[in-house]
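For reference, the structure is listed below as structure tokens.
Protein chains in written order, with the numbering used here: chain A, 1041 to 1570; chain B, 1041 to 1570.
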């Protein structure tokens, strides 16, 4: 839109997401990539003189970032966000409601705090990596917000019904209502169900409803990972003008028009490739969104310090033609030579596509997805060692796969090789699902009686991914207490066997309850998608 | 000294130490005690209008404080240390040297940072609980310093020679040279040795040497825990006017005059009882030290929100006199009744000694050290349950001991029962010593060949007390690499047995080296103490 100019009525916002600070921080080669990316984002924000930075979650990679990562993040915020530049965007909503959810000491947006001198405000929701956990239900980004370095918005405290109160921002005549949805520890399925049941409500400004430009920031699965564990765009309210979709790492930041809902969707993606897949190999970008009244204009800005990533799918059978009677060693040598050729070609491409930015890392990431059907695999580690000086991931350049016979289900959106090739799917299996499957596969005799497989798998997940040392203990205490209470209510003078029976029937009851809920959901979905 | 008045030439400093933020934070009763203590310290500092707060280390209890503890600490610093009050103490030394040791982004004392508005400056060294660890060698207090909330001084980076550069402070005509000694991960023994060998140097201001009031803050063992793992006062330079001694939890904050060294020693102690011993049961206090020129005056201020602690040593044989032929049950009932009587007496005393401060916790800590010689022990947990509503530590009110026959060594300073009663000594045994003893006690066949018992015990300690997940892995990698290098240098074409021999002789060599060092130290000590 050409009417949007830089003037006192135009709000300009740098949009980015999923910086994953501290990602593989101990890797000597790549450990600093996430911090370099944040510095570039902040530098662009300052050069473009934006009013604020808006982040879509997963600022930190680990739920409990290391001290070093926290410290470096704080240094960067200190360096780029403090200073004498005045902020001309006013917050006209209740600031304590918007930002004070985790600490009563936060009563306003950071740049109105008289004790901290903010030049570049940052607004962020948390993501699934840096979601709240432990005592006080705090996220790692709350350590930035309590020290006045970041404005954390969008926190939900209820699990059964969600009502979102926007941050209302005003610059001159332009009014922006900023909604954030943080699911916290809520599973995608549950949020999906809340949307289905119309239990997610957007609060609207009382006055001059049509003057507001409405932005919704969320951090959820956007691609289908199953029937219910993603959020379809059609779930979202159509009064929104712009959706900023965090969590998905592929950069699709050019606003995509949804003609049914009549809003734009921007998916900033991540500046750091946390998995070596095709989606991550696309050019990484951020955007400056300029809003004037209800009009919007977007400048897309490629990031120049991001480590290059090239992913190539090859099939040994296509490129390797050993003469009949070749020895296994000779065939292996040919396979390796073929793969080396591809790596060399990708390295040449990387060289020619360098951004020229002095901080762009010299060594790219290279990933060959090698279909080796009909061949033997070779030592991928030794293969990679040859490129140790030129590739930043020599240990895993080659990834061997075999085309699986897995049937492609028509009802799933198959976007890339990952859905086709069985071996790769393993990478996406969640540990908690494995635990649950394992526990459920036990003989009846060996099955747990007080705990549920689902509860244990979730507690194990908390323990491992969030390093919540007490998660399993707490689950056990909770469930034992609940079962004891049930027994006290239900039973009078039972002998040991009868108590066992009662415990069993209590568990069956609980299981039935939760599966009824799930089947209801499925029914609703089916009805809706008809 | 009566010449010290509040005027523009008088520097006034609130002195405290060992706040141990986050101590047993999950304890519903006592988990907040450390935070209440810090609030009281800050409140006193503001009421007394001091120029700054000076802390002697162990601000945090855990090396890796929980997110909740960090967050609460930051909230408190935000609440009490930010604001519009000007600070009239100037730093005249090189501020980047004083405070920028952990981050190049810290270039000055926090109240000269134009982007943070400090009303109450805090200066602190770290202690043994919050000492630096992990990547970047950062302490938990560095997260406060990088966000401008605290001035972290006294960091040493070298392990072989220490030279302390003071923070030079000036207010009007008064000049204060503030020295801090942080040993980091250095063992007390090593520091002891450095002092003995005159490898600890205090840098002095170049001009008007005699005008400076010299304060030394250290966080070390002050009481003898053995021949060399403490720092005797006579090791310290005699140009100091005041020593502030952190680490020891007993409050001995009234300045003690050392007539030989001609300096005062203040031991602030800890406001939170982390062990239920006699030293901790003394009244907890802080001090306001006023300095004018080379004169000093001290106001001692009792803390009013500290949880009361009463420790009493009783001997069942003294108070329980069962009639001849009493049943064991009857004797137990009498023992319990005797103990209950003592608890009731202590509770009455606690009631009468309440400070009257609304935030002082209602329930005191009570510890009976019960010498049960000649009697059976009873269930201490069930005993405590009777006092659950009136005592904050019902689970461990009673501590059973037997007078041990352990010989009291004349060369040790025996201050309290702990040194006399064998059972109690176990509490003070260090886990790393146990590991080392265990490993050394193995048969020769089972002894480790590449690692040393000392190395493993230290790595285990890092792993457990600092939650350094990679400590053991790193030790193994380091030692294997060193041994490999040694073998490559020493050997040509050895067979397997010969290699084993070489590894063994290498280990013996290393052991000899380190024990030579130790015996040298002992010799030096003996010579010195003659």
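All residues carry an ideal CB built from backbone N, CA and C; glycine is no exception.
What residues of chain B sit near residue i, judged by a beta carbon separation below 8 Å?
i	result
residue 1114(A)	1183, 1186, 1187
residue 1119(A)	1145
Go through its chain and collect everything with a Cβ distance to residue i's Cβ below 7 Å, but skip five positions before and after it.
i	result
residue 1322(B)	1290, 1291
residue 1300(B)	1274
residue 1064(A)	1070, 1071
residue 1157(A)	1122, 1123, 1124
Can you give me the Cβ contacts of residue i inside the same chain, cut-off strictly under 6 Å, excluding the 5 residues immediately before and after it?
i	result
residue 1069(B)	1432
residue 1094(A)	1053, 1055, 1163
residue 1146(A)	1139, 1140
residue 1231(B)	1223
residue 1102(B)	1062
residue 1277(B)	1242
residue 1465(A)	With a pLDDT of 42 at residue 1465(A), under the threshold of 50, the modelled position of that residue is not reliable, and no figure is offered here.
Does the Cβ of residue i have 16 or more other Cβ atoms within 10 Å, making it buried, or fewer, making it exposed?
i	result
residue 1241(A)	exposed
residue 1215(A)	buried
residue 1632(A)	The structure shown has nothing for residue 1632(A), since chain A only spans 1041 to 1570.
residue 1081(A)	buried
residue 1324(B)	buried
residue 1472(B)	buried
residue 1310(A)	buried
residue 1144(A)	exposed
residue 1404(B)	buried
residue 1421(A)	exposed
residue 1358(A)	exposed
residue 1524(B)	exposed
residue 1161(A)	buried
residue 1191(B)	buried
residue 1150(B)	buried
residue 1425(A)	exposed
residue 1386(B)	buried
residue 1047(B)	exposed
residue 1120(A)	buried
Who are the neighbours of residue i on chain B, taking C-beta pairs under 7 Å?
i	result
residue 1108(A)	1174, 1175, 1176, 1178
Once you ignore the five residues that flank residue i on each side, which residues in its own chain have a CB closer than 8 Å to its CB?
i	result
residue 1243(A)	1203, 1204, 1205, 1206
residue 1402(B)	none
residue 1248(B)	1215
residue 1509(B)	1503
residue 1354(B)	1378, 1379, 1382, 1408, 1409, 1410, 1411
Given that residue i touches chain D, what residues does it touch there, using C-beta distances under 7 Å?
i	result
residue 1097(A)	Protein chains A and B are contained in the structure displayed, whereas chain D is not.
Taking residue i as the query, report the chain A residues whose CB atoms sit under 9 Å from its CB, ordered along the chain.
i	result
residue 1123(B)	1154, 1155
Since residue i meets chain B, which of its residues come closer than 9 Å, beta carbon to beta carbon?
i	result
residue 1111(A)	1142, 1143, 1176, 1178, 1182, 1183, 1186
Given a limit of 7 Å on CB to CB distance, which residues of the segment 1142 to 1168 of chain B reach chain A? 1143, 1145, 1154, 1155, 1156, 1157
Original post:
Which runs of the beta strand (DSSP E), 3 residues or longer, sit entirely within the segment 1341 to 1383 of chain B?
Top reply: 1349 to 1355
* Residues within the segment 1389 to 1412 of chain A neighbouring chain B, beta-carbon criterion of under 8 Å -> none
Residues, ordered as in the chain, of the segment 1062 to 1088 of chain B that lie near chain A by beta-carbon distance below 8 Å
1065, 1066
Q. Counting only runs that start and end within the segment 1193 to 1236 of chain B, where is the alpha helix (DSSP H) found for 4 or more residues in a row?
A. 1228 to 1236
Discussion item. As an exercise, report each continuous beta strand (DSSP E) stretch of at least 3 residues that is fully enclosed by the segment 1117 to 1179 of chain B, in chain order.
Written reply: 1162 to 1164
Note to self: Runs of 3 residues minimum, wholly inside the segment 1410 to 1437 of chain A: which ones carry the beta strand (DSSP E) assignment?
What the structure shows: none
Quiz item: Hey, which unbroken runs of the alpha helix (DSSP H) at 4 residues or more fall wholly within the segment 1469 to 1542 of chain B?
Solution: 1471 to 1480, 1493 to 1505, 1511 to 1530
| request: Could I get the ranges of all uninterrupted alpha helix (DSSP H) runs contained in the segment 1073 to 1103 of chain B, with 4 residues as the minimum, in chain order? | output: 1073 to 1087
Restricting to runs no shorter than 3 residues, where is the beta strand (DSSP E) found entirely within the segment 1264 to 1296 of chain B?
1282 to 1286
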